[in-house]
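As structure tokens, the structure follows; a few thoughts come after it.
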Amino acid sequence: MKLSNRPAIYSLALKTFGPEAQALKLMEEAAELADVEIMIEQFRLNGMGLLIDFHKQKKLERLAERLGVTYAAE
Numbered sequence: 017m018k019l020s021n022r023p024a025i026y027s028l029a030l031k032t033f034g035p036e037a038q039a040l041k042l043m044e045e046a047a048e049l050a051d052v053e054i055m056i057e058q059f060r061l062n063g064m065g066l067l068i069d070f071h072k073q074k075k076l077e078r079l080a081e082r083l084g085v086t087y088a089a090e
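Residue numbers for the sequence shown follow the numbering used here, beginning at 17 and rising by one.
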């Protein structure tokens, strides 16, 4: 199956892993979320947006692979 948009990947992840498991994962990660967002904004301002987008794309591809689908960038 080939999915070409992020919402479809996110929806499949919720269906596959379950909202409870994903909520627990979010709570584990939430403590770092604000710091990471601040750092991302700083680096985007410093001209590193393409590098950030590249790594985000790779993470989405990895998630899609775990879900047994192919992710085609938008």
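Quick reminder that beta carbons are idealized off the backbone N, C-alpha and C, glycines included.
Starting from the Cα of residue i, find the closest Cα among the options and give me that residue.
i     : options                    : result
THR32 : ALA80, ALA89, TYR87        : ALA80
GLY84 : ALA29, GLN73, GLU53, MET43 : ALA29
PHE70 : ALA89, ALA24, ILE54, LYS41 : ALA89
Going by beta carbon distance, what residues of the same chain come within less than 8 Å of residue i, once the five residues before and after it are set aside?
i     : result
ILE56 : ILE68
What does DSSP give as the partner residues of residue i in its beta bridges?
i     : result
THR86 : LYS18
Closer than 6 Å by C-beta to residue i: which residues in its own chain qualify, once you throw out the five before and the five after it? Chain order, please.
i     : result
LYS72 : none
Using C-beta distances below 7 Å, list every residue in its chain close to residue i, excluding the 5 sequence neighbours before and after it, in chain order.
i     : result
GLU77 : TYR87
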